[in-house]
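Trainee:
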């Protein structure tokens with residue numbers, strides 16, 4: 001479809017990204033619902049698993065999230081026993097977050113559900129389109145960070 005034929009609101013990159021993000025969030029959260037885990041929580045657990053440990057600032061940057069928003073999002077994860085910052089040396093340093101054993105188990109149980117969400121999205125839009133979407137989204141972030 002030619003750009004000129006689109007409604008003005010459909011030409012907005014920001015709105016298109018937000019609408020897509022809301023759609024994808026609903027899809028992933030539907031799959032993760034049996035674990036009572038949100039897609040954001042799954043992402044936090046995944047990043048902490050990959051990194052091994054991270055400060056709030058590092059984790060927020062990886063998630064493209066404000067630190068204060070992340071701190072609020074971490075509270076229920078700490079209460080659930082998935083994330084720990086108790087081992088952090090807080091004497092003038094930022095707290096270091098790590099996954100607990102319960103957090104690793106939660107992540108392991110979530111991976112097949114996440115894979116099912118990935119597959120559903122690929123089935124809906126096609127593998128090539130899904131790959132292009134992810135590549136373009138990551139390229140926009142990479143260019144901004146350079």
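Residue numbers (full-length UniProt numbering): 1 to 146. Glycine included, C-beta positions come from ideal geometry on N, C-alpha and C.
Do you know how far the Cα of residue 14 is from the Cα of residue 59?
Mentor: Locating residue 59 in the chain shown gives position 59, counting from the first residue. Locating residue 14 in the chain shown gives position 14, counting from the first residue. Between residue 59 and residue 14, the C-alpha separation is close to 23 Å.
Trainee: Among residues of its own chain, excluding the 5 on either side of residue 12, which ones have a beta-carbon nearer than 7 Å to its beta-carbon?
Mentor: Reading the chain shown from its first residue, position 12 is the one you call residue 12. Nothing meets the Cβ criterion.
Trainee: Cβ of residue 100 within 7 Å of Cβ of residue 81?
Mentor: The residue you call residue 100 lines up with position 100 of the chain shown. The residue you call residue 81 lines up with position 81 of the chain shown. Yes, Cβ-Cβ distance for residue 100 and residue 81 is below 7 Å.
Trainee: If you draw a straight line from the alpha carbon of residue 62 to that of residue 103, how long is it in whole angstroms?
Mentor: Taking the first residue of the chain shown as position 1, residue 62 is located at position 62. Taking the first residue of the chain shown as position 1, residue 103 is located at position 103. Taking the straight line from one Cα to the other gives about 18 Å.
Trainee: Let me make sure I understand the geometry here. Which of 55, 8, 111 has the alpha-carbon closest to that of residue 67?
Mentor: By one-based count along the chain shown, residue 67 stands at place 67. For the residues 55, 8, 111, the minimum Cα distance to residue 67 belongs to 55.
Trainee: Let me know if residue 106 comes out buried or exposed under the rule of 16 or more other beta-carbons within 10 Å of its beta-carbon.
Mentor: Your numbering for residue 106 matches position 106 in the chain shown. It is buried - the Cβ of residue 106 has at least 16 other Cβ atoms within 10 Å.
Trainee: With residue 98 as the anchor, note down where its beta strand (DSSP E) starts and where it stops.
Mentor: For this step, residue 98 is matched to residue 98 along the chain shown. 96 to 99 is the extent of the beta strand (DSSP E) around residue 98.
Trainee: So, do the region 40 to 54 and the region 120 to 139 have three or more beta carbon pairs nearer to each other than 8 Å?
Mentor: No, the region 40 to 54 does not touch the region 120 to 139.
Trainee: Cβ of residue 23 within 7 Å of Cβ of residue 39?
Mentor: Along the chain shown, read from residue 1 onward, the residue named residue 23 stands at position 23. Along the chain shown, read from residue 1 onward, the residue named residue 39 stands at position 39. The answer is no: Cβ separation not under 7 Å.
Trainee: Cβ of residue 117 versus every heavy atom of the ligand ZN: is any distance shorter than 6 Å?
Mentor: Only the bare structure without any ligand can be found here, which leaves the ligand ZN out of the picture.
Trainee: Which ranges would you report for the beta strand (DSSP E) in the UniProt domain "HTH marR-type" (1 to 146) if only whole runs of at least 3 residues count?
Mentor: Counting whole runs of 3 or more residues, the UniProt domain "HTH marR-type" (1 to 146) contains the beta strand (DSSP E) stretches 96 to 99.
Trainee: Please classify residue 117 as buried or exposed, where buried requires at least 16 neighbouring CB atoms within 10 angstroms.
Mentor: The residue labelled residue 117 in the question sits at position 117 within the chain shown. Classification for residue 117: buried.
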